[in-house]
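Per the working numbering, the very first residue in the sequence shown carries number -17; after that it's consecutive.
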Amino acid sequence: MLELSKVYHYYGQARALEEINLTIEEGSLVAVIGPNGAGKSTLLRVISGLEEPDRGKITFLGKRIDGLKAHKIAKMGISHCPERRRLFYDMTVFENLKLGGKVLKSREVFKKQLDFVYELFPRLKERKKQRSGTLSGGEQQMLALGRAIMPNPKLLLLDEPSLGLAPKIKTKIFDAIRLIKNEGTTTLLVEQDAVLAMNAAEYIHVLEEGKIEMRGTKEELEKEPRVKKVYLGI
Ligand code: ATP
-17 MLELSKVYHY
-7 YGQARALEEI
3 NLTIEEGSLV
13 AVIGPNGAGK
23 STLLRVISGL
33 EEPDRGKITF
43 LGKRIDGLKA
53 HKIAKMGISH
63 CPERRRLFYD
73 MTVFENLKLG
83 GKVLKSREVF
93 KKQLDFVYEL
103 FPRLKERKKQ
113 RSGTLSGGEQ
123 QMLALGRAIM
133 PNPKLLLLDE
143 PSLGLAPKIK
153 TKIFDAIRLI
163 KNEGTTTLLV
173 EQDAVLAMNA
183 AEYIHVLEEG
193 KIEMRGTKEE
203 LEKEPRVKKV
213 YLGI
């Protein structure tokens, strides 16, 4: 579904991504783990068109998307749930979700997606008229995720969905991510919480200083001494 080939990105002279090769199969849940500043957000930003990669090629469903504007890429079916949620805090829960679904042409599909979001997170339904700025951190993450799946994307990009959340809420969010994937949405998530990400994903890439240093399934990576020490603390 998605293929990155020799992708580089720089901020001024500083290299944020170096020779990234990455393939995502349709229907899969893939994670990229790595420390602060490794380039995880940048990776998602070059895919969704918020940054134009300096070199390399990105194809989505057989079409070249590097260099396209973000709104064009969104229309092709890629939805980006950014770090720190970036909700419209003065707007209600429902208004945020409505914005997420504004690309949908049919009322029926809109209703179907809204029902799916409310089923996933009943708390959002209860609070649909509440201003999103007054929600708890966990509820705001639910809303950000809900807003990102409103357009019924083919590919969902999730930036640090567990950031700043209590362990119980993190588990809830990751349960929802698995459900979304099981409904057929291909998902790429970047995450600092390696344990959570490795438990959820079918395939994991380890990004360090802009480079993919290791990749494999959870079982494969768990055998790597470096992953054990740095990411799993064992
Ligand atoms: P975090 O988990 O802290 O968000 P990350 O893995 O997502 O980290 P990025 O945010 O992609 O990493 O940043 C990669 C590198 O690029 C870092 O060194 C960061 O300081 C730098 N960087 C990110 N955004 C910019 C920018 N707009 N201008 C200049 N440098 C940037």
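By construction, the Cβ of each residue, glycine as well, lies at the ideal position given by its N, Cα and C atoms.
Subject >> Endpoints, alpha helix (DSSP H) assigned at V212 >> reply: No alpha helix (DSSP H) contains V212, which DSSP labels as neither H nor E.
**OP:** Hey, could you find the ends of the alpha helix (DSSP H) G16 is sitting in?
**Re:** Here G16 belongs to no alpha helix (DSSP H), and DSSP marks it neither H nor E.
**OP:** In the DSSP assignment, find the beta strand (DSSP E) that holds N3 and state where it starts and stops.
**Re:** According to the DSSP assignment, N3 belongs to the beta strand (DSSP E) that extends over -4 to 6.
**OP:** For S30, verify whether its CB is less than 7 Å away from any heavy atom of the ligand ATP.
**Re:** No, the ligand ATP has no heavy atom inside 7 Å of this Cβ.
Subject >> Check whether S30 and L139 have beta carbons under 8 Å apart >> reply: yes
Original post:
Are the Cβ atoms of E184 and S10 separated by less than 8 Å?
Top reply: yes
Original post:
Is DSSP giving M124 helix, strand or coil here?
Top reply: Assignment of M124 by DSSP, reduced to helix, strand and coil, places it in the helix class.
**OP:** Out of I2, E65, I186, point me to the one whose CA is closest to S23's CA.
**Re:** E65
Original post:
Can you tell me whether DSSP reads L102 as helix, strand or coil?
Top reply: helix
Original post:
Which full runs of the beta strand (DSSP E) of 3+ residues lie inside the region 57 to 83, going along the chain?
Top reply: Runs found: 60 to 63.
Subject >> N-terminal and C-terminal residue of the beta strand (DSSP E) that E173 is part of >> reply: 168 to 173
Subject >> Any non-hydrogen atom of the ligand ATP within 7 Å of S23 CB >> reply: At least one heavy atom of the ligand ATP lies less than 7 Å from the C-beta of S23.
Original post:
Say the cut is 7 Å; is the CB of A(-4) nearer than that to a heavy atom of the ligand ATP?
Top reply: yes
**OP:** Report whether the distance from the Cβ of E(-15) to the nearest heavy atom of the ligand ATP is below 7 Å.
**Re:** No, Cβ of E(-15) sits at least 7 Å from all heavy atoms of the ligand ATP.
Original post:
Residues in its own chain within less than 7 Å of R67 by CB, not counting five upstream and five downstream?
Top reply: Listed in chain order, the non-local C-beta contacts of R67 below 7 Å within the same chain comprise Q122, Q123, A126, local neighbours out to five positions each way being set aside.
Subject >> C-beta contact flag for I159 and L147 at 8 Å >> reply: no
Original post:
Around the C-beta of K205, are 16 or more other C-beta atoms found within 10 angstroms, so that it is buried, or is it exposed?
Top reply: K205 sits exposed, since fewer than 16 C-beta atoms from the chains shown fall within 10 Å of its C-beta.
Original post:
With distances taken between CB atoms, is the gap from K107 to T74 smaller than 8 Å?
Top reply: no
Original post:
Tell me, which residues are paired with K45 by DSSP?
Top reply: Per DSSP, F42.
Original post:
Using the C-alpha atoms, what's the distance from E33 back to K150?
Top reply: 34 Å
**OP:** Could you check the C-alpha separation between F98 and I131 for me, to the nearest Å?
**Re:** CA-CA distance, F98 to I131, rounds to 9 Å.
Original post:
Just checking my contact of D141 with L26 at CB under 8 Å: how many whole Å lie between their CB atoms?
Top reply: Sure, about 5 Å apart at Cβ, within 8 Å.
Subject >> Contact test: N18 Cβ vs the ligand ATP heavy atom, cutoff 7 Å >> reply: yes
Subject >> Contact under 8 Å by Cβ, I186 with K200 >> reply: yes
**OP:** Examine the ligand ATP and report whether any of its heavy atoms sits within less than 7 Å of the Cβ of Q123.
**Re:** Relative to the ligand ATP, the beta carbon of Q123 is positioned no closer than 7 Å to any heavy atom.
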